Amino acid sequence: MSLAKKVLVLGAGSISSQVVEYLVRDAQTRITVACRTLSSATAVASKFPRVTALALDATSAELNDHVAAHDVVVSLIPPVYHPAIAKAAIKAKKNFICTSYTTPEMLKLGFDATQAGVTLMTEVGVAPGLDHVYTVKTIGDVHSSGGKISSFTSFVGGLPALECSDNPLRMKFSWNPKNTILSQMKPASFLEDGHLIEVAGKDLMDSAKPIALSNNSRYDFMCFGTGSSVPLREHYNIPEASTIIRGTLRYKENPIMISTLMKLGWLDASEQGWLRAEVSLTWAKVTQHLLGADDSDEDTLVNMIKQRIRFRSDEQGEQVIHGLRWIGIFSADQVPPRTSILVDLLSSRLEELCSWHPGERDLLFLQICFVIDLANGKRKRKTATLELLGDPDGYSAMARSTGTVCGIAVQLMLEAHEPILKPGILRPYAPELCALMLVRLKEENLLPVELDTDAYPYSLSSV
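As numbered in the working numbering, residues 17 to 479 make up the sequence shown, in order.
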């Protein structure tokens with residue numbers, strides 16, 4: 017009887033490669049890397065032993081047979097495909113893992129997965145994922161010693177390394193940046209000092225504030241809320257906490273640039289008939305239309321922007337105008353034809369301007385802060401920081417961290433550890449599961465560095 021364990025990895029990007037690299041350490045594991053293009057799958061598979069490449073479209077009927085032929089299916093393709101893949105896993109009674117947030121569509125599959133005895137594990141990347149694991153363990157330690165969590169904040173940024181953040185947006189993209197940009201326009205809600213704070217998507221970038229870092233002052237980050245942090249009170253078992261904020265980090269110039277582009281209309285995701293109808297349309301003419309200006313010359317456009325946008329200072333205004341000029345929205349160059357959505361037009365432009373160059377590296381920065389009321393009546397602040405830099409000749413920081421956390425979850429599942437084989441939707445919130453993952457993360461040197469002080473956490477809603 018064969019003892020081989022079979023894993024189907026959907027997707028052939030750098031995260032997939034890191035997952036495979038972790039899993040092939042076990043000589044009993046056989047892996048299939050599947051992608052729509054066989055060459056992409058082969059590029060990953062050829063680097064490792066016991067790995068096979070497969071051409072597979074995740075929307076095809078063939079998916080069911082391939083899922084059934086493996087023990088675990090790992091989906092590292094866009095989240096929109098996860099529910100269909102999870103359904104195939106339920107049908108075949110095979111376990112499923114992905115790194116993405118748990119969507120409502122995935123949650124709907126929880127009952128069927130439970131009935132089938134199948135685990136659908138989500139949120140096992142770096143954030144979400146590693147942050148959950150560390151947070152749950154820390155909160156458990158505090159509670160077991162008689163303490164309480166007064167405040168919890170967690171901020172993460174996937175960014176270019178400091179020396180590579182050399183454009184006005186201070187961002188770099190490996191693919192079309194549309195989703196990344198639009199994510200900075202989604203509403204956020206969090207608890208602060210016992211109050212529910214709700215920020216509309218259109219106001220999110222204006223709500224960004226500087227953040228004090230515990231380990232390194234050379235980074236000039238801004239922070240803002242991400243999604244709804246309120247459910248974490250239940251997920252993390254901290255009903256006593258009056259502040260719960262989970263958010264995103266960007267370099268300081270980024271939020272005002274995104275905010276300005278949004279207010280000018282460049283991030284509109286709706287169809288614009290006039291954009292398709294116009295012939296020989298220039299970037300400046302598009303900006304003129306958005307502003308309702310009388311002319312498309314740069315001085316006229318700049319003056320109208322300064323009137324419309326309330327910059328905090330003349331210096332900030334000039335900085336933003338320089339960025340807009342660099343993007344090219346005052347240019348007499350023609351915009352690409354057959355594009356009727358403004359954010360698509362801009363995203364294509366930014367994909368060209370903000371691409372990575374040879375020798376550049378990324379930065380993953382995660383900072384988690386707890387204000388803890390100790391059993392002896394004293395109060396302390398515990399700050400945990402993970403700072404990872406990518407290897408220009410190897411894995412990016414994001415790929416290494418996300419792929420390793422996912423790989424650990426898959427390996428624990430293959431080893432049949434009970435905490436990771438709970439039928440239904442499973443996220444890394446259970447203390448027993450987090451303890452298991454924490455041991456493996458320590459082996460990979462992927463745990464945050466801790467610092468205890470008597471300081472207080474940063475207030476997002478303060479001026």
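Beta carbons are placed, not taken as given, at the ideal position from N, Cα and C, and that holds for glycine. In this text, all values refer to a predicted model and were calculated from it rather than measured experimentally.
Exercise for the section: Report yes if the CB atom of threonine 399 is closer than 8 Å to the CB atom of serine 347, and no otherwise. Expected result: no
Exercise for the section: Have a look at leucine 402 and valine 465 and give me their C-alpha separation to the nearest angstrom. Expected result: 6 Å
Handout entry: Complete beta strand (DSSP E) runs within the segment 43-130 (minimum length 3 residues, chain order)
Key = 45-51, 67-71, 88-91, 111-114
Handout entry: Cβ-based burial, valine 295 [other Cβ within 10 Å; buried from 16]
Key = exposed
Exercise for the section: Run the CB neighbour count on phenylalanine 237, radius 10 Å, all protein chains shown included, and call it buried at 16 or more, exposed below. Expected result: buried
Exercise for the section: Say yes only if the C-beta of leucine 185 is nearer than 7 Å to one or more non-hydrogen atoms of the ligand COA, and no if none qualify. Expected result: By its list of ligands, the structure shown contains no ligand whatsoever, and the ligand COA lies outside what it can speak to.
Handout entry: methionine 17 to alanine 77 span [Cα, whole Å]
Key = Reliability of the predicted coordinates at methionine 17 is poor, the pLDDT of 41 falling under 50, and no value is obtained from them.
Problem - Buried or exposed (CB count within 10 angstroms, at least 16 for buried), tyrosine 163 - result: One point to set straight first is that residue 163 is glycine, not tyrosine, in the sequence displayed. It is buried - the Cβ of glycine 163 has at least 16 other Cβ atoms within 10 Å.
Problem - Span of the beta strand (DSSP E) around leucine 404 - result: 395-405
Exercise for the section: Would you list the residues sitting across from methionine 137 in a DSSP beta bridge? Expected result: Ile113, Leu442
Handout entry: Three-state secondary structure (DSSP) of valine 158
Key = helix
Exercise for the section: Determine the DSSP secondary structure at leucine 361, reduced to helix, strand or coil. Expected result: helix
Practice task
Say whether the segment 380-397 touches the segment 64-73, bearing in mind that this needs 3 or more beta-carbon pairs closer than 8 Å, one atom from each stretch.
Solution key: no
Problem - Extent of the continuous beta strand (DSSP E) to which alanine 204 belongs - result: 204-208
Practice task
Take glutamine 51 and list the residues in its own chain whose beta-carbon comes closer than 6 Å to its own, dropping the five residues that flank it on each side.
Solution key: The question names glutamine, but residue 51 is cysteine in the sequence shown. Excluding sequence neighbours, cysteine 51 sits near Ala28, Ala57.
Practice task
Using beta-carbon positions only, say whether leucine 366 and phenylalanine 189 come within less than 8 Å of one another.
Solution key: yes
Problem - Residues of its chain near glutamate 376, where Cβ-Cβ distance is below 8 Å and the 5 sequence neighbours each way are ignored - result: Pro176, Ala177, Cys180, Lys188, Pro408
Problem - Inter-residue Cα distance where the pair is isoleucine 106 and threonine 154 - result: 34 Å
Problem - Own chain partners of phenylalanine 327 with C-beta closer than 8 Å, once the 5 adjacent residues on each side are dropped - result: Ile272, Gly333, Val336
Practice task
Would you check if the distance between the CB atom of histidine 86 and the CB atom of lysine 63 is smaller than 8 Å?
Solution key: no
Handout entry: DSSP three-state assignment for lysine 21, whether helix, strand or coil
Key = strand
Practice task
Would you identify the three-state DSSP class for tyrosine 150, choosing helix, strand or coil?
Solution key: helix
Problem - Collapsed DSSP secondary structure at arginine 324 in the structure displayed - result: helix
Practice task
Identify, in the order they occur along the chain, each residue of the same chain with its Cβ nearer than 6 Å to the Cβ of valine 318, setting aside the five sequence neighbours on each side.
Solution key: Ile337
Exercise for the section: Specify, as a first and last residue, the run of the beta strand (DSSP E) that histidine 305 falls within. Expected result: From DSSP, histidine 305 is part of no beta strand (DSSP E) but of the alpha helix (DSSP H) over 299-307.
Exercise for the section: Sort out for me which residues DSSP pairs lysine 268 with in a bridge. Expected result: Bridge partners of lysine 268: none, in fact.
Problem - Coil, strand or helix - aspartate 330 by DSSP - result: helix
Exercise for the section: Indicate whether at least one CB of chain D lies closer than 8 Å to the CB of threonine 118. Expected result: This model lacks chain D altogether; it includes just one protein chain.
Exercise for the section: Spatial neighbours of leucine 481 within its chain, please: CB distance less than 8 Å, with the 5 preceding and 5 following residues excluded, ordered by chain position. Expected result: The question about residue 481 has no answer here: the residues shown for the chain are numbered 17 through 479.
Exercise for the section: Express the C-alpha separation of tyrosine 97 and isoleucine 165 in angstroms, rounding to a whole number. Expected result: 37 Å
Handout entry: Stretch-stretch touch, CB-based, cutoff 8 Å, three pairs: the segment 206-220 with the segment 300-308
Key = no
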